[in-house]
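Novice:
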Amino acid sequence: MPLWTRSIGGRWPVARPWSVLYFEAGSTVADSPVFQDLKVFSGNAHPELAQNICSYLETEIGDVDVFEFSNENIFVRFNENVRARDVFILQPMCSPVNTRLMELFIMIDAARRASAGRITAVLPYYPYARSDKKDQPRVPITARLVANFLETAGSDRVLTIDLHAGQIQGFFNIPVDELTALSLLSNYIAEKKLPDLTVVATDAGGAKGARRMADRLNAPLAIVEKRRLGNNEKVQATTLIGDVDGRSVLIVDDEVLTGGTLVAAANVVVEQGATSVYVAATHAILSGDAVTKIENSPINEIVFTDTIPIPPEKHLPNMTVLSVAPLLGEAIRRIHTGQSVGALFNGASH
2 MPLWTRSIGG
12 RWPVARPWSV
22 LYFEAGSTVA
32 DSPVFQDLKV
42 FSGNAHPELA
52 QNICSYLETE
62 IGDVDVFEFS
72 NENIFVRFNE
82 NVRARDVFIL
92 QPMCSPVNTR
102 LMELFIMIDA
112 ARRASAGRIT
122 AVLPYYPYAR
132 SDKKDQPRVP
142 ITARLVANFL
152 ETAGSDRVLT
162 IDLHAGQIQG
172 FFNIPVDELT
182 ALSLLSNYIA
192 EKKLPDLTVV
202 ATDAGGAKGA
212 RRMADRLNAP
222 LAIVEKRRLG
232 NNEKVQATTL
242 IGDVDGRSVL
252 IVDDEVLTGG
262 TLVAAANVVV
272 EQGATSVYVA
282 ATHAILSGDA
292 VTKIENSPIN
302 EIVFTDTIPI
312 PPEKHLPNMT
322 VLSVAPLLGE
332 AIRRIHTGQS
342 VGALFNGASH
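First residue of the sequence shown? That's 2 in my numbering, and the numbers climb one at a time after it.
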């Protein structure tokens with residue numbers, strides 16, 4: 002009996018009951034009757050992450066063709082049965098973002114038309130997250146539009162990590178699980194035993210996440226005031242709220258785009274007497290000349306996760322990349338087996 006089925010005339014999944022879920026000694030998760038119905042597929046954005054997730058789950062990655070014709074039309078074909086299966090489609094939004102989005106929409110549509118039991122879109126990095134409100138006349142709310150497209154294509158659930166704007170969860174009429182890489186990043190920093198550490202938020206909007214990091218590291222919090230004019234990505238950091246004189250500094254942000262905000266914050270804390278500067282950020286977008294800016298900045302070490310692939314030319318000697326594969330793999334396992342994902346919202350991996 003399949004674990005998931007679709008209601009007649011509807012899109013909502015209905016759980017099939019099972020009596021007892023257990024693992025015999027020496028068995029793997031893939032040996033479980035429940036896990037025989039699990040299928041994990043990847044688009045072209047980050048197959049390495051998908052493979053690492055499947056290694057964590059001790060299951061094989063699904064076989065699917067995703068490619069472009071000469072006219073740039075995208076073709077998708079699942080090469081194995083997905084009928085009544087619990088399907089997870091991994092596609093982080095990295096360059097070229099709009100192509101990766103269309104790949105995901107078409108993969109979801111193909112799975113739905115192949116009678117997949119439940120479809121979860123796994124977007125470690127959610128696109129257009131900065132367009133989450135109308136802050137100027139006659140502009141769109143593109144983050145909401147992406148949510149609409151995901152639902153229309155046939156997603157039953159969305160799994161993501163560290164949204165740029167938490168209110169994006171409310172754009173959906175389907176369940177959204179937002180995980181956090183906070184534990185992964187904080188554990189790495191804690192092992193360095195930095196003396197007299199102060200955690201710094203790059204702006205007031207990021208203060209909540211920075212506060213959570215500061216609490217984990219038992220460190221005080223400081224905030225850099227940030228000013229951005231219109232659509233210009235150039236940032237002017239003006240004021241530091243807090244004391245960093247003679248202290249190690251950890252700058253925390255959810256993503257690094259052009260590096261302007263980050264480098265401006267690093268310069269401010271050094272001017273205010275910081276002895277060393279470390280950075281922890283979940284998403285390494287690194288567009289434009291971000292790498293050059295970071296390379297020429299006073300940053301001692303920058304720590305990212307692999308929510309999106311970082312090409313070799315953007316790697317720096319002082320860059321460390323931590324994998325979110327165990328975090329996503331555990332979330333997929335819990336969603337599939339009907340267990341709570343709540344512990345993972347605080348960054349716990351088990």
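For glycine and all other residues, C-beta sits at the position ideal for the given N, C-alpha and C.
1. Alpha carbon to alpha carbon, how far is A326 from D1? Give it in angstroms, no decimals.
2. On the premise that I309 lies in contact with P48, defined as a C-beta separation below 8 angstroms, what is that separation, rounded to the nearest angstrom?
3. Can you name, in chain order, every residue of its own chain whose Cβ lies under 7 angstroms from the Cβ of Q52, other than the five neighbours on each side?
4. Which residue spans inside the segment 270 to 334 form an unbroken alpha helix (DSSP H) run of at least 4?
5. Please give me, in chain order, every unbroken run of the beta strand (DSSP E) with length at least 3 that falls completely inside the segment 43 to 81.
6. What three-state label does DSSP hand A223 in the structure shown?
7. At which residues does the alpha helix (DSSP H) containing A111 begin and terminate?
8. State the CB to CB distance for the pair D157 and A332, rounded to an integer number of angstroms; the pair is presumed to be in contact (CB under 8 angstroms).
9. Checking 8 angstroms against the spacing of the C-beta atoms, do A267 and P318 come in under that value?
10. Identify every residue that forms a DSSP beta bridge with L195.
11. Mind checking whether A130 and I90 have CB atoms under 8 angstroms apart?
12. The beta strand (DSSP E) with F89 in it runs from where to where?
13. What residues in its chain sit with their C-beta under 8 angstroms from that of L323, if we drop five residues either side in the sequence?
14. To which residues of the same chain is V67 closer than 6 angstroms at the C-beta, ignoring the five residues directly before and after it?
15. Going by beta-carbon coordinates alone, are D133 and A144 separated by less than 8 angstroms?
16. Kindly indicate which residue of V269, A344 and V264 has the alpha-carbon position closest to the one of T1.
17. Roughly how many angstroms lie between the CA atoms of V225 and I242, to the nearest whole one?
18. My understanding is that D255 touches G207, with C-beta atoms under 8 angstroms, so please give their C-beta distance in whole angstroms.
19. Under the three-state reduction of DSSP, which class applies to I142: helix, strand or coil?
20. Taking all protein chains shown into account, do 16 or more other C-beta atoms lie within 10 angstroms of the C-beta of S28, making it buried, or fewer, making it exposed?
Specialist: With the given structure in hand:
1. Residue 1 is absent from the model: the chain starts at 2 and stops at 351.
2. No, P48 and I309 are not in contact; Cβ-Cβ is about 13 angstroms, not under 8 angstroms.
3. Once the five neighbours on either side are set aside, the close Cβ partners of Q52 are I62.
4. Complete alpha helix (DSSP H) runs here, min 4: 291 to 296.
5. At a cut-off of 3 residues, the continuous stretches assigned as beta strand (DSSP E) that sit fully inside the segment 43 to 81 are 65 to 69 and 75 to 79.
6. Under the three-state reduction of DSSP, A223 is assigned to strand.
7. Start and end: V98 to R114.
8. Going by Cβ atoms, the distance from D157 to A332 rounds to 15 angstroms, so no, they are not a contact pair.
9. No; because the gap between Cβ atoms is not below 8 angstroms, this pair is not in contact.
10. According to DSSP, L195 bridges with nothing at all.
11. Annotated as distal: A130 and I90, with beta-carbon spacing of 8 angstroms or more.
12. Counting along the chain, the unbroken beta strand (DSSP E) around F89 starts and ends at D87 to L91.
13. So the qualifying residues of the chain are A182, L185, L186, Y189, V304, F305, T306 and D307.
14. Cβ within range, chain order: G44, N45, V77 and E104.
15. Judged by their CB atoms, D133 and A144 are nearer to each other than the 8 angstroms cut-off.
16. As displayed, the chain neither begins before 2 nor continues past 351, which places residue 1 out of reach and without an answer.
17. If I take the Cα positions, the gap works out to 6 angstroms.
18. Yes, D255 and G207 are in contact; Cβ-Cβ is about 7 angstroms, under 8 angstroms.
19. Coil.
20. Only weak support is given to the placement of S28: the predicted model assigns it a pLDDT of 48, under 50, and the value that follows is read from those uncertain coordinates. When all chains shown are included, S28 counts as exposed.
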